[in-house]
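Trainee: First the structure, which I've put down as structure tokens, then a few questions once you've had a look.
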Amino acid sequence: MCGIAGGVGTSAPRIEELDRALDAIHHRGPDERGTFLQSNIALGICRLSIIDVGTGQQPVSNEAETIQLVFNGEIYNFQALRQLLVSKGHRFRSNGDSEVLVHLYEEFGLDFVQQINGMFAIAIWDTRKKTLILVRDRMGKKPLWYSLKPDGTLLFASEVKALVAAGVATTLRRESISEVMQFGYVNAPRSAYNEINQLPPATIGLWQDGSWKTSQYWVPDFATENKISYADALEQTKVLIRQAVERRLISERPLGSFLSGGFDSTVVTAYMAQLMPNKVKTFSIGFNDPRYDESAYARAVAKYLGTEHVEEKLSPDPALLLQQLAGTLDQPFADSSIIPTFMLAKFASQEVVVALGGDGGDEVFGGYDRYLAAPVMQRWNLLLKLASPLGASLTTTGVVNNRKIKRVLSQIQSHPSLAARYLSVISLGQQDGLQTLLGSDFHSHGSAIEFEESFARAGARDDLARMTRSDFEWYLPGDLLVKADMATMAHSLELRSPLLDHDLVEWAMALPSSYKIKAHQTKFILKEIARSLVPSELIDRPKMGFAIPRADWLRTGLRTITYDLLTDSTAQGRGWFIPAEVEKVLADHMAGRDRDVLIWPMLMLELWARNWLDR
1 MCGIAGGVGT SAPRIEELDR ALDAIHHRGP DERGTFLQSN IALGICRLSI
51 IDVGTGQQPV SNEAETIQLV FNGEIYNFQA LRQLLVSKGH RFRSNGDSEV
101 LVHLYEEFGL DFVQQINGMF AIAIWDTRKK TLILVRDRMG KKPLWYSLKP
151 DGTLLFASEV KALVAAGVAT TLRRESISEV MQFGYVNAPR SAYNEINQLP
201 PATIGLWQDG SWKTSQYWVP DFATENKISY ADALEQTKVL IRQAVERRLI
251 SERPLGSFLS GGFDSTVVTA YMAQLMPNKV KTFSIGFNDP RYDESAYARA
301 VAKYLGTEHV EEKLSPDPAL LLQQLAGTLD QPFADSSIIP TFMLAKFASQ
351 EVVVALGGDG GDEVFGGYDR YLAAPVMQRW NLLLKLASPL GASLTTTGVV
401 NNRKIKRVLS QIQSHPSLAA RYLSVISLGQ QDGLQTLLGS DFHSHGSAIE
451 FEESFARAGA RDDLARMTRS DFEWYLPGDL LVKADMATMA HSLELRSPLL
501 DHDLVEWAMA LPSSYKIKAH QTKFILKEIA RSLVPSELID RPKMGFAIPR
551 ADWLRTGLRT ITYDLLTDST AQGRGWFIPA EVEKVLADHM AGRDRDVLIW
601 PMLMLELWAR NWLDR
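No gaps in the numbering here: position 99 of the sequence shown is 99 in the working numbering, and each next residue is one more.
Next comes the structure, spelled out in structure tokens:
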């Protein structure tokens, strides 16, 4: 795991600029540093040594030194790929995965990426073609940002702060304010700056002679359904999860597991316990507030599995913690669950360098409460289109009593299309409310329109598939994986996610929806797997999630900083929000009406601005 940076073109970074960029992301790779500089090309890396600690230095080249490569991530099938390449005559100087990528590209060209199972952001300089190739993994686990200068020079880095450190001048992209208020994040390919973009997941970028183009190399299939019995699906899913976990156990540095108490991390940890020769080291945190504390469940799972469990009960200073986090997040980000993830990563990094987690279980196996509405939507969708008042009647007459389904159906009258209804359900703030709160220059419908159009396009076999596809394209890469990467790499900790193994994802996307949502239960098939690994009482309980007492914090430990930051002349001078409406929202919240869903993104936007935009 590493941080990478570099550039190509007439104004490519010099060594001083490259060093500044690497300094900015030193936390991603504190073990060693490497650079490659020639005329009009610069590649740099700060390395977190995990595989091939002794000889895995980067940049790495082929025998003829016509190809240079730096990459951030792990290639889980590199040993099998190495054997293939040796059989084709390639010679190796090291024992890790980075040199495998060089020879793989040498052998297969751009198709090399199809051979890889892993998480990665790769930069390749091909001196023969004078071409820079940037590649990002299928899910978007590893970030890659870039800036294209007017003279055709391309700069890239693992984090935005490295591009800024290298000299990229930035201006605010106004639409990003509305996007953060609605979604909580800015999704690829955009950023909060006009001058910086994200390379989207599963994308190859090619630079040659000042020309830049991108292409997608992998698209999950949401249209095809596997006609398989439930019993066979259950057994094959077990096999694939076990294989995904096993692939991610290779490490020369201490390795452990995030054990939250939820059954996603429970499944991952249980397979680790079966596969590892020594006791698995597990980590969990808890809060003194029992509403947000799953540590007792994590402790019970750890005891059953026989892990070496380490937990910590936290009573953090919210204001101090928020300031620390704001210094890490170089893009505005409003998912407050990054706070417990950040604290857990800091805690675990004291003992391990690699951790496995349960990220992706909800997206892959249909775990969100909002998915419960999919069968109802599928059954009633035609009628809903013809007569939207039916949606309200379903919830008022007792036809539908499940509160999780009713939340979605309650949007029917005001949002006649399924795309609009789903957008309403997943949004932090509704468009009508944001229109009142946001200044006229900063209210934009652009991303909402884009979301609805992408949701409604062809290629999904049913409503659950449409919801899942949407979350794979927006929420997963824009929010969850950003959170996981930034929170862990801030502490030089590598996080691996077996449930996002692309072989497993491809398999799960083709499973019948009825295997995922069944009898008003989400993640039905994964829950059954979990029950085969640990006692049912550890699984069959209400979902809590990884959260903080956000609303309470805003009334107590964060009250002063929130008022100060959102109502002073600096904040008001930006014109992002209408001051009177901000005061009203704050007053409502302090009076006991929870408005944290609006206050939190405003606060995170302002903190980001003061740490990064105002520099």
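No residue lacks a Cβ here, since even glycine has one placed at the ideal position from N, Cα and C.
This structure is a prediction, so every number in the text was calculated from the model and none was measured.
What residue ranges within the region 245 to 273 form continuous beta strand (DSSP E) runs of no fewer than 3 residues, ordered along the chain?
Mentor: 255 to 258
Trainee: With burial defined as no fewer than 16 other Cβ atoms inside 10 Å of the residue's Cβ, what is the status of residue 108: buried or exposed?
Mentor: exposed
Trainee: From the DSSP output, in three-state form, read off residue 128 for me.
Mentor: coil
Trainee: Quickly, what does DSSP pair residue 123 with across the bridge? List them, please.
Mentor: 70, 134
Trainee: Can you tell me which residues form a DSSP beta bridge with residue 521?
Mentor: 518
Trainee: Using beta-carbon positions only, say whether residue 268 and residue 357 come within less than 8 Å of one another.
Mentor: yes
Trainee: In chain order, what residues of the same chain have a beta carbon less than 6 Å from the beta carbon of residue 227, not counting five sequence neighbours either side?
Mentor: none
Trainee: How many Å lie between residue 564 and residue 81 at the Cα?
Mentor: 56 Å
Trainee: Let's see if you can read the secondary structure: which residues bound the beta strand (DSSP E) around residue 38?
Mentor: Its beta strand (DSSP E) spans residues 32 to 38.
Trainee: Closest to residue 555 by CA distance: which of 253, 590, 6 is it?
Mentor: 590
Trainee: If you follow the beta strand (DSSP E) that residue 572 is in, where does it begin and where does it stop?
Mentor: Careful: residue 572 lies outside any beta strand (DSSP E), inside the alpha helix (DSSP H) at 569 to 574.
Trainee: Tell me the DSSP secondary structure of residue 350 in three-state form.
Mentor: coil
Trainee: Going by Cα to Cα distance, which pick from 24, 135, 372, 206 is closest to residue 464?
Mentor: 372
Trainee: What is the residue span of the beta strand (DSSP E) that residue 6 lies within?
Mentor: 2 to 8
Trainee: Return yes when at least one heavy atom of the ligand GDP lies under 7 Å from the C-beta of residue 585, else no.
Mentor: For the structure depicted, the ligand GDP is absent and the ligand set is empty, with no information on it obtainable.
Trainee: Just to confirm my understanding: we take residue 194, look at its own chain, exclude 5 residues before and 5 after, and list those with CB closer than 7 Å. What are they?
Mentor: 171, 173
Trainee: Can you give me the Cβ contacts of residue 460 inside the same chain, cut-off strictly under 6 Å, excluding the 5 residues immediately before and after it?
Mentor: 222, 466, 469
Trainee: Is it buried or exposed, residue 219, if we count other Cβ atoms within 10 angstroms and call 16 or more buried?
Mentor: exposed
Trainee: So, for residue 529: in the same chain, excluding its five sequence neighbours on each side, which residues have a beta-carbon less than 8 Å away from its beta-carbon?
Mentor: Shown here for residue 529: same chain residues with a beta carbon closer than 8 Å to its own, the five before and five after excluded, namely 234, 237, 238, 241, 267 in chain order.
Trainee: Classify residue 122 as buried or exposed, calling it buried when 16 or more other Cβ atoms lie within 10 Å of its own Cβ.
Mentor: buried
Trainee: Is residue 476 close to chain D? Criterion is C-beta to C-beta, closer than 8 Å.
Mentor: The chain inventory of the structure shown lacks chain D, comprising one protein chain alone.
Trainee: Does DSSP classify residue 216 as helix, strand or coil?
Mentor: Here residue 216 sits in strand by DSSP.
Trainee: Are the beta-carbon atoms of residue 498 and residue 140 separated by less than 8 Å?
Mentor: no
Trainee: Classify residue 597 as helix, strand or coil using the three-state DSSP reduction.
Mentor: Here residue 597 sits in helix by DSSP.
Trainee: Relative to the C-alpha of residue 569, which candidate in 560, 579, 249 has its C-alpha closest?
Mentor: 579
Trainee: What is the DSSP secondary structure of residue 310, reduced to helix, strand or coil?
Mentor: strand
Trainee: Contact between the region 347 to 367 and the region 286 to 300: three or more CB pairs below 8 Å?
Mentor: At 8 Å Cβ cutoff, the stretches do not touch.
Trainee: Considering only the beta carbon of each residue, do residue 257 and residue 345 sit closer than 8 Å?
Mentor: no
Trainee: Pick out whichever of 106, 98, 211, 435 has its Cα sitting closest to the Cα of residue 150.
Mentor: 211
Trainee: Under the rule that 16 or more other beta-carbon atoms within 10 Å means buried, what is residue 609, buried or exposed?
Mentor: buried
Trainee: Please classify residue 585: does DSSP put it in a helix, a strand, or coil?
Mentor: It is helical.
Trainee: For residue 655, which residues in the same chain have their Cβ closer than 8 Å to its Cβ, ignoring the five residues on either side in sequence?
Mentor: Outside the shown range of the chain, which is 1 to 615, sits residue 655, and nothing can be said about it.
Trainee: What separation, rounded to the nearest whole angstrom, lies between the Cα atoms of residue 369 and residue 522?
Mentor: 7 Å
Trainee: Just to confirm the assignment, what range does the beta strand (DSSP E) spanning residue 208 have?
Mentor: 203 to 208
Trainee: From 93, 15, 186, 224, pick the residue whose C-alpha is nearest to that of residue 622; which is it?
Mentor: Residue 622 cannot be examined here, being either before or after the span of the chain that is shown, 1 to 615.
Trainee: To the nearest angstrom, how far is it from the Cα of residue 89 to the Cα of residue 4?
Mentor: 29 Å
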